[in-house]
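Please read the structure below before turning to the comments.
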Amino acid sequence: MSKLAGKNALVTGVGTGIGFGCARELAAEGARVTLAGRRVDVLEEAAGRLAKEGFDVAFTACDITEEAQVKRAVDVARRGGNLDVLVANAGSGFPGAILQLEAQAWDFCMKLNVTGTALCIKQAGLVMKDHGGGSMIAISSTSGTKVQPWLAPYVVSKRALDMLVRCAAVELAPHGIRVNSVQPGYVPTEAMGGITPPALDATLQAAAPLGRAGTPADIGKCIAFLASADAGWITGQVFGVDGGLNVPVMPSMEAIAKLVYGEEVVASFALPDLTALPKRGA
Numbered sequence: 078m079s080k081l082a083g084k085n086a087l088v089t090g091v092g093t094g095i096g097f098g099c100a101r102e103l104a105a106e107g108a109r110v111t112l113a114g115r116r117v118d119v120l121e122e123a124a125g126r127l128a129k130e131g132f133d134v135a136f137t138a139c140d141i142t143e144e145a146q147v148k149r150a151v152d153v154a155r156r157g158g159n160l161d162v163l164v165a166n167a168g169s170g171f172p173g174a175i176l177q178l179e180a181q182a183w184d185f186c187m188k189l190n191v192t193g194t195a196l197c198i199k200q201a202g203l204v205m206k207d208h209g210g211g212s213m214i215a216i217s218s219t220s221g222t223k224v225q226p227w228l229a230p231y232v233v234s235k236r237a238l239d240m241l242v243r244c245a246a247v248e249l250a251p252h253g254i255r256v257n258s259v260q261p262g263y264v265p266t267e268a269m270g271g272i273t274p275p276a277l278d279a280t281l282q283a284a285a286p287l288g289r290a291g292t293p294a295d296i297g298k299c300i301a302f303l304a305s306a307d308a309g310w311i312t313g314q315v316f317g318v319d320g321g322l323n324v325p326v327m328p329s330m331e332a333i334a335k336l337v338y339g340e341e342v343v344a345s346f347a348l349p350d351l352t353a354l355p356k357r358g359a
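For the sequence shown, this note's numbering assigns the number 359 to the last residue and increments by one with no breaks.
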């Protein structure tokens, strides 16, 4: 049986890319999915693609920075019952140096990525608490885990988003509501419009230990798991879905090992005779 059969889900920021990938994976697990976003034409096209696959899908226009619109989207998605799953995917950002930063650019990132997500959590939570709980997943970014020059507003907003998720997880737990965050790594999407130069694309892919870029489906499958009962004891967590990009890695000791033990020993993976090693101070 599908893990989300009979469940109602709302995915914000849907149209293409990660949002669409999340919606499709939820639908594939049996959820009735409502797509929300600002562009009706894009929503209609995305809903049509999912409907052709036989999925139960609806859509509604929504600017998540406007609370009344968020409430309306939640009402549409609950379909007269509970809203079982919220995927807060809507977000954006753009590059720029701090010394060239304008307040408008800063406010844009904070309002969309943090305030908008907070409004989604609030409105979804008001419904979930009266219907036995639910699962919320916010889409963050690996960019929120480290300094990334020329991307300060976005990086800071995603860091704040992860803390918002943890605060919400604690406050909403008594109502049976789980709240988690997913940090995608490098996932080329239609929204990027092929703007990443091939050389940079190759560099970004190689940066992940698994050696490839992610896909919207990679993110969607993690979302579907977190939305399901299989993740029933998981809340307040931040999951990196990034091919290992965020794993702290120190420089390899191979070169030093060859100098100390010799290339033949290293090549054979044999343990050296430790008694023969020079003692410190000798």
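Heads up, the beta-carbon is just placed ideally off N, CA and C, and yes, glycines get one too.
Whose CA, out of the options, lies closest to the CA of residue i?
| i | options | result |
| --- | --- | --- |
| L189 | L238, V88, G309 | L238 |
| L287 | L322, K298, R255 | L322 |
| V164 | T192, E341, V88, V326 | V88 |
| V233 | S212, N257, M187, A124 | M187 |
| F302 | G96, I214, A182, E179 | I214 |
| D152 | E179, R126, L203, T142 | L203 |
| F97 | N166, P226, G83 | N166 |
| V256 | A284, L277, T222, F316 | F316 |
| V147 | A283, A284, L196, T266 | L196 |
| A154 | E130, A201, V318, W310 | A201 |
Going along the chain, which residues of its own chain have a beta-carbon closer than 8 Å to the beta-carbon of residue i, five neighbours each way excluded?
| i | result |
| --- | --- |
| G158 | N85, H208 |
| L120 | V91, G92, L112, A113, G114, F136, T137, A138 |
| E331 | V343 |
| V134 | A100, A104, R109, V110, T111, L112, A124, L127, A128 |
| R149 | T137, C139 |
| T266 | T93, G94, I95, P293 |
| C299 | V259, F316, V318 |
With which residues is residue i paired in a DSSP beta bridge?
| i | result |
| --- | --- |
| V256 | M213 |
| P261 | V318 |
| G173 | L228 |
Where does residue i land, buried or exposed, given buried means 16+ other C-beta within 10 angstroms?
| i | result |
| --- | --- |
| S218 | buried |
| G260 | Per the sequence shown, residue 260 should be read as Gln rather than Gly. Counting Cβ neighbours within 10 Å, Q260 comes out buried, since at least 16 surround it. |
| D307 | exposed |
| K235 | buried |
| I198 | buried |
| I95 | buried |
| P275 | exposed |
| I216 | buried |
| G83 | exposed |
| L178 | exposed |
| S305 | buried |
| A245 | buried |
Quick one: what's got a C-beta closer than 6 Å to residue i's C-beta in the same chain, skipping five residues either side?
| i | result |
| --- | --- |
| Y263 | L281, A290 |
| F132 | A104 |
| G170 | C186, Y231 |
| A334 | V343 |
I need the boundaries of the alpha helix (DSSP H) containing residue i, first residue and last residue.
| i | result |
| --- | --- |
| V204 | 193-205 |
| E341 | 340-345 |
| V117 | 117-129 |
| V147 | 144-155 |
| K298 | 293-304 |
| T280 | 275-284 |
| L103 | 94-105 |
| W183 | 180-186 |
Residue range of the beta strand (DSSP E) that residue i falls in?
| i | result |
| --- | --- |
| L87 | 85-89 |
| G109 | Inspection of the sequence shows that residue 109 is occupied by Arg rather than by Gly. Here the beta strand (DSSP E) through R109 covers 109-114. |
| V134 | 134-138 |
| A165 | 162-165 |
Ordered along the chain, which non-local residues of its own chain (more than five positions away) have a Cβ less than 7 Å from that of residue i?
| i | result |
| --- | --- |
| M205 | N159, L160, G211, H252, I254 |
| R243 | G313 |
| Q225 | V232 |
| R101 | L127, G297 |
| L241 | V191, T194, A195 |
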